[in-house]
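Structure record follows, encoded as structure tokens.
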Amino acid sequence: MPETFYEPVGHSAARATPHTPAAAPGPRRRPPAPVIRRTVILAMCVALAGYTGFRPPSAWTATLQSISWQGGFHRRFVVGTVLHPVAVWSNYAYGPFAATSYAILAALLAVLMVAAVRTRLPARRALVAAWLVLPTGGYLFHEVGYFEQLLFLALFGAWWLVNRGWWVAGALVMTISVCVHEIALLTVIPLFTLVVVRALPVRRAIAALVPSVLVGACVLLVSPASDDAIPHLSDRLRGAGFPARADVLEIFGRTQAQSLRMYEPLQVFSFLAPLALLLAAALALTFTSGAVVGAHRLLAIAAATAPLVAAFAGWDTHRWAFLLLANTAVVTWWWLGQRTPDPARARPAPHYRVLVAAALLCTHVPLVYFDDFAPRELTGTAIRAFVTDATSGDLLRAPTR
Numbered sequence: 012m013p014e015t016f017y018e019p020v021g022h023s024a025a026r027a028t029p030h031t032p033a034a035a036p037g038p039r040r041r042p043p044a045p046v047i048r049r050t051v052i053l054a055m056c057v058a059l060a061g062y063t064g065f066r067p068p069s070a071w072t073a074t075l076q077s078i079s080w081q082g083g084f085h086r087r088f089v090v091g092t093v094l095h096p097v098a099v100w101s102n103y104a105y106g107p108f109a110a111t112s113y114a115i116l117a118a119l120l121a122v123l124m125v126a127a128v129r130t131r132l133p134a135r136r137a138l139v140a141a142w143l144v145l146p147t148g149g150y151l152f153h154e155v156g157y158f159e160q161l162l163f164l165a166l167f168g169a170w171w172l173v174n175r176g177w178w179v180a181g182a183l184v185m186t187i188s189v190c191v192h193e194i195a196l197l198t199v200i201p202l203f204t205l206v207v208v209r210a211l212p213v214r215r216a217i218a219a220l221v222p223s224v225l226v227g228a229c230v231l232l233v234s235p236a237s238d239d240a241i242p243h244l245s246d247r248l249r250g251a252g253f254p255a256r257a258d259v260l261e262i263f264g265r266t267q268a269q270s271l272r273m274y275e276p277l278q279v280f281s282f283l284a285p286l287a288l289l290l291a292a293a294l295a296l297t298f299t300s301g302a303v304v305g306a307h308r309l310l311a312i313a314a315a316t317a318p319l320v321a322a323f324a325g326w327d328t329h330r331w332a333f334l335l336l337a338n339t340a341v342v343t344w345w346w347l348g349q350r351t352p353d354p355a356r357a358r359p360a361p362h363y364r365v366l367v368a369a370a371l372l373c374t375h376v377p378l379v380y381f382d383d384f385a386p387r388e389l390t391g392t393a394i395r396a397f398v399t400d401a402t403s404g405d406l407l408r409a410p411t412r
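FYI, in our numbering the residues of the sequence shown are 12 to 412.
Structure (structure tokens):
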């Protein structure tokens, strides 16, 4: 059984023995100094990542969030369906969509912060801190509004549910995630598979996975939208002065074969393949510590590198690279919480050095931002420009394209 995603803080949460009576309840104490120190350090990492990549949610993501089941769309409709009453009430103002994007990002960061502060494994805490200060942290902020942030938030919630025995609820969360965005089949569903296969008996694991796979197949097989859905929403957004992106709506009017003819999938694949091979090799070497063996080892590597298949689903090359790194980070977190089945068979391996070396090599993989944005440099000029944009309100200004 893997450790739960959240762990008690420090060693004070060790299980009580029959000879150790539970402490009597007393006045609430202030958090111990180590917890405060961890929180401050991680908050600084979040601040650095935010400074590097923060931007307003793009017109692309806002347009995607306006798509709803009520409007006749059959893919990526969950967020828009929930927001539909607010969108109608506000006449499709940009503000509610942007606020939703910020709230999802804030919730995801809160989950990461709580998990990193509460973990009893320093390596896990270092993993989160490194993720934030490396280019991936800035890219996470730059991606505000993209549905994968909600997908990973759903994954962590499902993980929490499974580890508490509520695997049916976790399976339901993952099934809904496929309707948030079908890319869940290549990102969080493989990671969820890894968790349930390790945590549940075979029959329950299969029962937990079948609904999301079946719903995913239905989402991919049915028409993305009804015949009048695209022109109706386009007219509605145009009349409301919404910064709509026409190319977002065009996605729902063409087949996957038509999409593949719009770019070079093999070119995207050739960009991602070296990164995927590097990550797979790093995990394979890391797993020689003995904590993950047999089929679980292959499943973990497959879960980490599954986003490679997205090369044949779309042309967002650098976004797919980011998702490869994200999946690998989640698999690494999971691996750090495993226990070696037979300590006598565990071989000493420089697994931490392998991970550090892989992380340093991954910094050479470019994560190019969308819409002509770029990571902010940590220089006096860039910091002054950032402060000026923040104080003038330009940093939160609604996009025009």
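Each residue gets a CB set at the ideal place from its N, CA and C atoms; glycine is no exception.
Legend entry - Assumed close pair L290, A306 - CB separation to whole angstroms, cut-off 8 Å: About 19 Å separates the two Cβ atoms, so there is no contact after all.
Inset, instruction - Have a look at T328 and P43 and give me their C-alpha separation to the nearest angstrom. - result: 44 Å
Inset, instruction - Measure the C-alpha to C-alpha separation of R256 and R215 and round it to an integer number of angstroms. - result: 43 Å
Legend entry - Proximity of L202 and L143 at Cβ, strictly below 8 Å: no
Legend entry - 8 Å contact criterion, which I5 and F65 should meet: CB distance rounded: Look at the range of the chain in this structure, 12 to 412, and you will see that residue 5 is not part of it.
Legend entry - Sequence-distant residues of the same chain with beta carbon closer than 7 Å to L335, five excluded per side: L283, L286, A287, L290, T316, P318 and L319
Legend entry - Nearest candidate by alpha-carbon position, reference I52, set G91, A117 and A127: A127
Legend entry - Nonlocal neighbours in the same chain, by C-beta distance under 8 Å from P235, ignoring five residues either side: F84, H85, R86, I262, F263 and G264
Legend entry - Neighbour-count burial assignment, R49, 16 or more Cβ in a 10 Å radius: buried
Legend entry - Alpha-carbon to alpha-carbon, A332 and A322: 10 Å
Inset, instruction - Determine the contact status of A5 and V233, defining contact as a CB-CB distance below 8 Å. - result: With the chain running from 12 to 412 in the structure shown, residue 5 is simply not present.
Legend entry - Per-residue DSSP class, three states only, for F84: strand
Inset, instruction - Could you check if R356 is buried or exposed, using at least 16 other CB atoms within 10 Å of its CB as the buried criterion? - result: Low confidence applies here, because R356 scores a pLDDT of 48, under 50, leaving its location unreliable; read the following figure in that light. Its Cβ having fewer than 16 others within 10 Å, R356 is exposed.
Legend entry - Residue of T63, P96 and T92 minimising C-alpha distance to L75: T92
Legend entry - Closest by C-alpha distance to P386, when choosing among M55, T63 and V57: T63
Inset, instruction - Would you mind sorting A337 into buried or exposed? The rule is 16 or more other CB atoms within 10 Å of its CB. - result: buried
Inset, instruction - Return no unless some Cβ of chain C is closer than 8 Å to the Cβ of L161. - result: You won't find chain C in this structure, because it holds only one protein chain.
Legend entry - Backbone CA spacing between P410 and A109 [nearest angstrom]: 10 Å
Legend entry - Backbone secondary structure at E275 - three-state DSSP: coil
Inset, instruction - Assuming C190 contacts V230 (C-beta within less than 8 Å), just tell me the rounded distance between them. - result: 6 Å
Inset, instruction - Compare the C-alpha of V303 against each of A369, W344 and Q349 and name the closest. - result: Q349
Inset, instruction - Sort H243, L183, V379 and T111 by Cα distance to A219 and report the nearest one. - result: L183
Legend entry - Between the CA atoms of T339 and A369 - distance to the nearest angstrom: 11 Å
Legend entry - Contacting residues, own chain, Cβ-Cβ under 8 Å from N102 (five flanking each side not counted): A251
Inset, instruction - List the endpoints of the continuous alpha helix (DSSP H) containing Q160. - result: E159 to V173
Legend entry - beta-carbon P107 near the ligand ADP non-hydrogen atom, thresh 7 Å: By its list of ligands, the structure shown contains no ligand whatsoever, and the ligand ADP lies outside what it can speak to.
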